[in-house]
Amino acid sequence: MVFDIFFLQQVINGLSIGCVYALMAIGFTLIFGVLNVVNFAHGEVYTVGAFVGLMVITAFAPPLLAVVPLVLAAGALAGVGLERIAFRPFRRFNDEASQKSRAMREATLLSSLAVSIVTREVMMHLFGGDMQGIPAGYLLQRPVAIGPVMVASGSLVIFATSAVMLGALQFLLYRTQTGLGIRAVSNNQLGARYVGIDTDRTIVTTFAVGSMLGATAGILVGLYDGAISPHMGFAPGVKAFVAMVMGGLSSIPGAVACALLLGVSESIATEFLSSGWKDLITYSLLVVTLVFFPQGLFGHGRERA
Amino acid sequence: MKRHLILGAVLGTLLAAGSATAADREIVIGYQAPLSGDRSQYGEMFRNAAQIKLEEFNKSGKLAGATVSIAFEDSKDDPKEARNIARKFLDNPKIVGVIGDFSSTVSMAAGEIYAAEKMPQLSQTASHPDFTKISPWQFRNITTQAFEGPYNADWILAGGLKSAAVIYIQNDWGISALDGFVAGFKAKGGKIVSTEAFNPGNRDFRSILTKVARQKPDVIYLAMFYEEGAALAQQREQLGITIPLYGTSSLYSPKLIELGRGSVEGLHLATTFTPDNPDPAVRSFVTEYSARYKAEPGMFAAQAYDAVGIMLDAVAKAGPAVTRQSLRDALASTTAYPGVTGATSFDPATREPSKSLARMMVKDGKFQVVAVP
Numbered sequence: 001m002v003f004d005i006f007f008l009q010q011v012i013n014g015l016s017i018g019c020v021y022a023l024m025a026i027g028f029t030l031i032f033g034v035l036n037v038v039n040f041a042h043g044e045v046y047t048v049g050a051f052v053g054l055m056v057i058t059a060f061a062p063p064l065l066a067v068v069p070l071v072l073a074a075g076a077l078a079g080v081g082l083e084r085i086a087f088r089p090f091r092r093f094n095d096e097a098s099q100k101s102r103a104m105r106e107a108t109l110l111s112s113l114a115v116s117i118v119t120r121e122v123m124m125h126l127f128g129g130d131m132q133g134i135p136a137g138y139l140l141q142r143p144v145a146i147g148p149v150m151v152a153s154g155s156l157v158i159f160a161t162s163a164v165m166l167g168a169l170q171f172l173l174y175r176t177q178t179g180l181g182i183r184a185v186s187n188n189q190l191g192a193r194y195v196g197i198d199t200d201r202t203i204v205t206t207f208a209v210g211s212m213l214g215a216t217a218g219i220l221v222g223l224y225d226g227a228i229s230p231h232m233g234f235a236p237g238v239k240a241f242v243a244m245v246m247g248g249l250s251s252i253p254g255a256v257a258c259a260l261l262l263g264v265s266e267s268i269a270t271e272f273l274s275s276g277w278k279d280l281i282t283y284s285l286l287v288v289t290l291v292f293f294p295q296g297l298f299g300h301g302r303e304r305a
Numbered sequence: 001m002k003r004h005l006i007l008g009a010v011l012g013t014l015l016a017a018g019s020a021t022a023a024d025r026e027i028v029i030g031y032q033a034p035l036s037g038d039r040s041q042y043g044e045m046f047r048n049a050a051q052i053k054l055e056e057f058n059k060s061g062k063l064a065g066a067t068v069s070i071a072f073e074d075s076k077d078d079p080k081e082a083r084n085i086a087r088k089f090l091d092n093p094k095i096v097g098v099i100g101d102f103s104s105t106v107s108m109a110a111g112e113i114y115a116a117e118k119m120p121q122l123s124q125t126a127s128h129p130d131f132t133k134i135s136p137w138q139f140r141n142i143t144t145q146a147f148e149g150p151y152n153a154d155w156i157l158a159g160g161l162k163s164a165a166v167i168y169i170q171n172d173w174g175i176s177a178l179d180g181f182v183a184g185f186k187a188k189g190g191k192i193v194s195t196e197a198f199n200p201g202n203r204d205f206r207s208i209l210t211k212v213a214r215q216k217p218d219v220i221y222l223a224m225f226y227e228e229g230a231a232l233a234q235q236r237e238q239l240g241i242t243i244p245l246y247g248t249s250s251l252y253s254p255k256l257i258e259l260g261r262g263s264v265e266g267l268h269l270a271t272t273f274t275p276d277n278p279d280p281a282v283r284s285f286v287t288e289y290s291a292r293y294k295a296e297p298g299m300f301a302a303q304a305y306d307a308v309g310i311m312l313d314a315v316a317k318a319g320p321a322v323t324r325q326s327l328r329d330a331l332a333s334t335t336a337y338p339g340v341t342g343a344t345s346f347d348p349a350t351r352e353p354s355k356s357l358a359r360m361m362v363k364d365g366k367f368q369v370v371a372v373p
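Keeping their order, the protein sequence lines are chains A and B. Start counting the first sequence at 1; every next residue gets the next number (UniProt numbering). Start counting the second sequence at 1; every next residue gets the next number (UniProt numbering).
In structure tokens, the structure reads:
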């Protein structure tokens, strides 16, 4: 009998992993959507969020909800700084040829990778490579029984946060002037500039928003996992990247749906295979998607780099 | 070189016999370890511990007619450096034995040269199964998973727990830990219900735990490090699973309790060195080390302290006219060396150490020694 209570538990386990990927994929996808380049430093923004959160907690011991605004601010700051260091210098030329050039795209890709490595190394020196524990009062690890299955309180918080973020982001994108600007720049940066949109400011805003979401993801996952470390961003970053590609590169709901799909697939696969094969499942799903749905599962026929 | 040695030995004996006053024979032990670079913290600990042991030994008067000194060389955790050091040590006729290196890779790189040129080598930490297979000249005083696995299996079975699930990290070490435990557990009639690998870096064990819980084993055996162990224990608690946990000595770290808190309560493991062990030898080592270096010695310092002790005892046994050959033979006959990491004996055939391990469990937020299973 495969379908039993343990199986249901596996689906729930998968959804909670998927939510972690989704939380990270949201900010990732937003930035890709606007600039059409992968921001490799998103994993470090996530880690910075976790460390700022922990520093705030150990220094002031505030209520949990008070930690969030500070982490959001740190995320916004990190996003603006990142854009300034790794992305702005490569947008010196605004003609169409430079914007579409492969060299520009690759240069930003590498510069974001460089920033991510430098940030990680600096954090290693500041905090050490060891795992840092989270003070007990802040952990989101209380077991919650929903009928016969068990979830951690953190899974529920992460699930709720992902839903709120997704909703708020859709509102921002489709109901506000800023969102209109972001969508315009995402659609055609040059065109947006010609009709009078301040593209630089829009890009900075996107980075700030995307990084705020990434930093929040970092601290929430830290509280849920019970420990943070300078390399914590790498593994979920890779999964979020896969979710983004599967979801169609710039579709945020698509990335979230694919992140959940990845989480559940990994968790159910553990039932039949060894957990050591988990990453294989993820990448097989990616390959299958790219072969049969070259635009991604939720793509809109967007031009691919 | 052989002639030099013989000449040296003859001369040394003559001098020792002739006048007991001035010319004590000088015996040198080579010590290669990473003293700079990424792994220098380990080399530092080895050197600190080695100096304490050496002074104790020279004061003890166990070896009349000779003084022993240690020549340290920095291998930078680099196999190439280690090979150069090996040649340098071999060319020094006063050096009769070598301790080191730190990692298995570097120890084995140097070991090939020592094997070819017949120099006894004792590593305090190389735990790769192939290290002692290089030649009869290699020794180590660290427990391998081939020893620890069956030891833990016996412990679990003695407690009446007959079926086990193993969760192990997917790397060389993890696989050797799995093999060691499974072989020992099955040999004594235990039943392995499942073996689950996970990739290094994984932090989510919920799906593995759910799968294992379905099999209802009596015990879950963990072959992993403290970071993963703490995460696993927390998630086990969240899922409401109450199957007892046993683990490898790699979980032994104060960080396990710091990160895992209440969830690691009741976790069992066996380890060679605990700084708060009441044994007088351990107490005097910990006091001396803390006083000199302002830090509590960990397992690595203790391993080096005992490696030096085993080497020096073998020198004393071989006498002041020690040669590389006689030192090797003396090392090979080491039985129940009373060290701070338990009593060490070398198997005469394989030169693998057997050690006495302390059985511990986490109780009231501390590692505590348990006497009976």
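In this text, a Cβ means the ideal position worked out from N, Cα and C, and glycines have one as well. All values reported here derive from a predicted model rather than from experimental measurement.
Contact set between residue i and chain C, taken where Cβ atoms lie within less than 7 angstroms
i	result
A:Thr270	Absent from the structure is chain C; the protein chains it does hold are A and B.
Residue i burial status per 10 Å Cβ neighbour count (16 or more: buried)
i	result
A:Val143	Residue identity check: residue 143 of chain A is Pro in the sequence provided, not Val. It counts as exposed.
B:Lys355	buried
B:Asn171	exposed
B:Asn141	buried
A:Val48	buried
B:Thr272	buried
B:Met1	Residue confidence for B:Met1 is low, a pLDDT of 47 falling below 50, so the modelled location carries little weight and cannot support an answer.
A:Tyr138	buried
A:Arg84	exposed
B:Thr144	buried
A:Asn187	exposed
Spatial neighbours of residue i in its chain, beta-carbon cut-off 7 angstroms, leaving aside the 5 residues before and after
i	result
A:Cys258	Ala243, Met246, Gly247 and Leu297
A:Val204	Val80 and Glu83
Close Cβ partners of residue i (< 6 angstroms) along its chain, the five nearest in sequence each way excluded
i	result
B:Gly49	Strictly speaking, residue 49 of chain B in this sequence is Ala, with Gly absent from that position. Only Ala301, Ala304 and Tyr305 meet the Cβ criterion.
A:Gln9	Val149
B:Glu117	Leu90
A:Met165	Ile26 and Leu213
A:Leu290	none
A:Gly53	Val67, Val71 and Ile219
Contacts of residue i in chain A (Cβ-Cβ under 7 angstroms)
i	result
B:Arg203	Asp225
B:Gln170	Gly276
Interface residues of chain B facing residue i [CB-CB closer than 7 angstroms]
i	result
A:Met274	With the sequence shown as reference, residue 274 of chain A is identified as Ser, and Met is not the correct amino acid for it. Here the neighbours are Glu196 and Ala197.
A:Gly133	Glu258 and Leu259
Straight-line Cα distance separating residue j from residue i
i	j	result
B:Phe72	B:Ser36	12 angstroms
B:Lys94	B:Ser123	20 angstroms
B:Leu245	B:Gly266	7 angstroms
B:Pro79	B:Phe147	27 angstroms
A:Arg91	A:Ser162	32 angstroms
A:Phe207	A:Val80	6 angstroms
A:Gln141	A:Phe6	20 angstroms
B:Thr248	A:Gly214	36 angstroms
A:Leu77	A:Pro253	25 angstroms
A:Val287	A:Thr270	20 angstroms
A:Val151	B:Ala233	15 angstroms
B:Lys294	B:Glu288	10 angstroms
B:Asp101	A:Met232	31 angstroms
B:Ile175	B:Ala158	24 angstroms
B:Leu312	B:Ala197	42 angstroms
B:Gly201	A:Gln132	15 angstroms
B:Glu258	B:Thr323	49 angstroms
Which of helix, strand or coil DSSP assigns to residue i
i	result
A:Arg91	coil
B:Arg140	strand
B:Leu35	coil
B:Phe300	helix
B:Asp78	coil
A:Leu64	helix
A:Leu126	helix
A:Ala293	The question names Ala, yet the displayed sequence has Phe at residue 293 of chain A. Note: A:Phe293 maps to coil in three-state DSSP.
A:Met55	helix
B:Glu148	helix
B:Val282	helix
Where residue i meets chain B, residues with beta-carbon distance less than 9 angstroms
i	result
A:Pro143	Glu237, Gln238, Leu239 and Gly240
Sequence-distant residues of its chain with Cβ nearer than 8 angstroms to residue i (five each side left out)
i	result
A:Tyr283	Val242
A:Leu169	Ile26, Leu30, Val209, Leu213 and Ile252
Under 8 angstroms from the C-beta of residue i: neighbouring residues of chain B
i	result
A:Met150	Gln238, Leu239 and Gly240
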